[in-house]
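Report on one structure; see the data block that follows.
Residue numbers (this note's numbering), protein chains in the order written: chain A, 1 to 100; chain B, 101 to 582.
Listed below in structure tokens is the structure:
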């Protein structure tokens, strides 16, 4: 059995990758996937902490986070499809109709 | 389930059940009579308000410490429900005029309000995260409500990406707090810290991540980049609702978490919060000067006001001063909510289709042609600036005083100076309305007029008879949940 420390390091790396992905990638779908990576990093942290504290709470929270992530997928993909219909592009550098 | 549990979430149950039923009922309402849906949604809000009133002066913990009813939650619930009513009044005519009178607006708004109310009563970090998402997801859809208009869709996508991003920070922060203390309940977090069983470094990082996440939600600098675009692109009634509801809910969570759960982290977190608050006030007020579009100007103004309210969060480790600051922040939120809805109702009255009629120049001549609308706008601008006799003045007065009480003199000085700067761009609107000539056209329906008139009168009259209101806010204290 690996110590929890390993899982927590992996979760921190995944979270950083997700956050960096949101900041540097330009395609809306990739950005969205990076956000999901952040949420799943949190899930991994929850599960490892749950084992560390020997409580079940952390594992239950993962279900909540997964449900929320699914709801976000439903709304987010719909928004991306809607904007693709209007603009024929999902590059967020081109989302510049408003200035000031 | 005990009766107390049901009592605690009754307003929430009413609103969410009402929203679900309203979706179904809406099917049988004919396309050209969607006013019925609006009226039904308003009725639901009034019912929920009725069930909120018995929660005043009560203190109870329900669902094993997941949910708490106290003065703080009752005050915020009332604020959210009242802003829902105002948002319906602002939306009805606007949606019809712009041919986007899809009745989903009202149900989505009810769902969003249920999220805000859950935020008010949440006493567990995981409930706070769920409430955050419950209030945000309907707002993403509402921001894109004017589709296929491009700026509305863009606003929705930007709001969605930044909202989901900030949600990621919050949930990772919650995970770290859970790891540090073994629990996500606010009471148990503080117990673990007092007992010395918490891993303080991990707890501090977790708290900082939660702070970043909610910094996005309340539009604090440097997490504010999305605000101007989203506020400008979203349909105006949605923006007004977003500026009040989402912001108040974000502050509800920040105040609840930091004052009740993290007072012992104040040494490491106060300098960061101090800086964020100061930067938010300075940047919001200075960039607002350069704006020509009234929606963008109000967006930067809302950033500046977030900076003022953040000052209350800065005092979170100061014991009794923090309690006063929470009351002052709630009073400020109330003043801000009324003023904000009033100002947006004037913006909506002057807005034309395709986003025209939103430049400051379009307000020229309003004083001559529509003296009542111009007078109302003047009241709102003075209240935003903080000039007596308006609620905005009292809000600023009590907030600044509680910040001084907490010993943050530098922050209070920055707040006063930036308020002076803000007078420039708020009063410029008044000058344009009265001193310049123009031919503005106002298209206000009866509900919009009622909303603008009522908020204008309330902003002035409540400031003259403010004692009961101040007592009401003073009773809205956070309870520890023990």
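Virtual Cβ for every residue (Gly too), placed ideally from N, Cα, C.
By the DSSP assignment, the beta strand (DSSP E) with residue i in it spans what residues?
i: residue 160 (chain B); result: 160–162
Does any CB atom of chain A fall closer than 8 Å to the CB of residue i?
i: residue 237 (chain B); result: yes
i: residue 416 (chain B); result: no
i: residue 250 (chain B); result: yes
i: residue 329 (chain B); result: yes
i: residue 247 (chain B); result: yes
i: residue 284 (chain B); result: yes
i: residue 256 (chain B); result: yes
i: residue 563 (chain B); result: no
i: residue 208 (chain B); result: no
i: residue 264 (chain B); result: yes
i: residue 112 (chain B); result: no
i: residue 253 (chain B); result: yes
i: residue 389 (chain B); result: no
i: residue 546 (chain B); result: no
i: residue 582 (chain B); result: With a pLDDT of only 49 at residue 582 (chain B), under the threshold of 50, the placement of this residue in the model should not be trusted; the figure read from the coordinates follows. Taking Cβ atoms only, chain A never reaches closer than 8 Å to residue 582 (chain B), which makes this a no.
Roughly how far, in whole angstroms, is the beta-carbon of residue i from the beta-carbon of residue j, given that I think they are within contact range, below 8 Å?
i: residue 295 (chain B); j: residue 282 (chain B); result: Contact flag wrong, Cβ pair sits at about 11 Å.
i: residue 159 (chain B); j: residue 169 (chain B); result: 7 Å
i: residue 180 (chain B); j: residue 209 (chain B); result: Going by Cβ atoms, the distance from residue 180 (chain B) to residue 209 (chain B) rounds to 11 Å, so no, they are not a contact pair.
i: residue 349 (chain B); j: residue 219 (chain B); result: 4 Å
i: residue 62 (chain A); j: residue 47 (chain A); result: 6 Å
i: residue 559 (chain B); j: residue 483 (chain B); result: 5 Å
i: residue 18 (chain A); j: residue 278 (chain B); result: About 19 Å; that fails the 8 Å criterion.
i: residue 65 (chain A); j: residue 42 (chain A); result: 6 Å
i: residue 214 (chain B); j: residue 345 (chain B); result: Not really, about 11 Å apart at Cβ, beyond 8 Å.
i: residue 45 (chain A); j: residue 2 (chain A); result: The pair is not a contact, with the Cβ atoms about 15 Å apart (cut-off 8 Å).
i: residue 90 (chain A); j: residue 80 (chain A); result: 6 Å
Span of the alpha helix (DSSP H) holding residue i?
i: residue 423 (chain B); result: 420–450
i: residue 309 (chain B); result: 300–318
i: residue 609 (chain B); result: No answer is possible for residue 609 (chain B): it lies beyond the span of chain B, which begins at 101 and ends at 582.
i: residue 501 (chain B); result: 491–505
i: residue 474 (chain B); result: 471–485
i: residue 126 (chain B); result: 103–126
i: residue 53 (chain A); result: 28–53
i: residue 407 (chain B); result: 394–414
i: residue 18 (chain A); result: 4–24
i: residue 87 (chain A); result: 57–87
i: residue 571 (chain B); result: 567–575
i: residue 533 (chain B); result: 509–535
i: residue 549 (chain B); result: 546–564
i: residue 454 (chain B); result: No alpha helix (DSSP H) holds residue 454 (chain B); DSSP gives it neither H nor E.
i: residue 294 (chain B); result: 286–294
When the cut-off is 8 Å and only beta carbons count, does residue i lie next to chain B?
i: residue 16 (chain A); result: no
i: residue 21 (chain A); result: no
i: residue 63 (chain A); result: no
i: residue 75 (chain A); result: yes
i: residue 70 (chain A); result: no
i: residue 56 (chain A); result: no
i: residue 89 (chain A); result: no
i: residue 1 (chain A); result: no
i: residue 66 (chain A); result: no
i: residue 13 (chain A); result: no
i: residue 9 (chain A); result: no
i: residue 83 (chain A); result: yes
i: residue 80 (chain A); result: yes
i: residue 29 (chain A); result: no
i: residue 97 (chain A); result: yes
Using beta carbons (cut-off 8 Å, strictly below), is residue i in contact with chain E?
i: residue 260 (chain B); result: No chain E is part of this structure, whose protein chains are labelled A and B.
In the segment 141–199 of chain B, which residue ranges form an unbroken alpha helix (DSSP H) of at least 4 residues, counting only runs that do not cross its ends? For the segment 141–199 of chain B, whole alpha helix (DSSP H) runs of length 4 or above, ordered along the chain, are 171–197.
Could you name the residues of the segment 269–280 of chain B whose beta carbon sits closer than 8 Å to any beta carbon of chain A, in the order they occur along the chain? Result list: 269, 271, 272, 274, 275, 276, 278 and 279.
Proximal residues, the segment 443–474 of chain B versus chain A, C-beta separation under 9 Å: Those residues of the segment 443–474 of chain B that come within reach of chain A (Cβ to Cβ, closer than 9 Å) do not exist; the list is empty.
Quick one, which residues of the segment 214–243 of chain B are near chain A if we go by CB-CB under 7 Å, in chain order? For the segment 214–243 of chain B, the set of positions with a beta-carbon nearer than 7 Å to some beta-carbon of chain A reads 226, 230, 233, 237, 240 and 241 in chain order.
Within 8 Å of chain A by C-beta, residues of the segment 328–353 of chain B in sequence order: Flagged, chain order: 328, 329, 332 and 333.
When you check each C-beta in the segment 153–179 of chain B against every C-beta of chain A, which residues fall closer than 9 Å? Those would be none; no residue qualifies.
Which residues of the segment 33–47 of chain A have a Cβ closer than 7 Å to any Cβ of chain B? Give them in chain order. Correct list: 35, 38, 39, 41, 42, 45 and 46.
Taking a cut of 7 Å between CB atoms, which residues from the segment 497–512 of chain B lie near chain A? Residues of the segment 497–512 of chain B whose Cβ lies closer than 7 Å to any Cβ of chain A: none.
Segments assigned alpha helix (DSSP H), at least 4 residues, entirely inside the segment 186–266 of chain B: The alpha helix (DSSP H) runs lying completely inside the segment 186–266 of chain B and spanning 4 residues or more are 204–221 and 225–243, given in chain order.
Report the start-end ranges of each alpha helix (DSSP H) in the segment 324–355 of chain B that is 4 residues or longer and not cut off at the edges. If we require 4 residues or more, the alpha helix (DSSP H) runs fully inside the segment 324–355 of chain B come out as 327–333 and 336–341.
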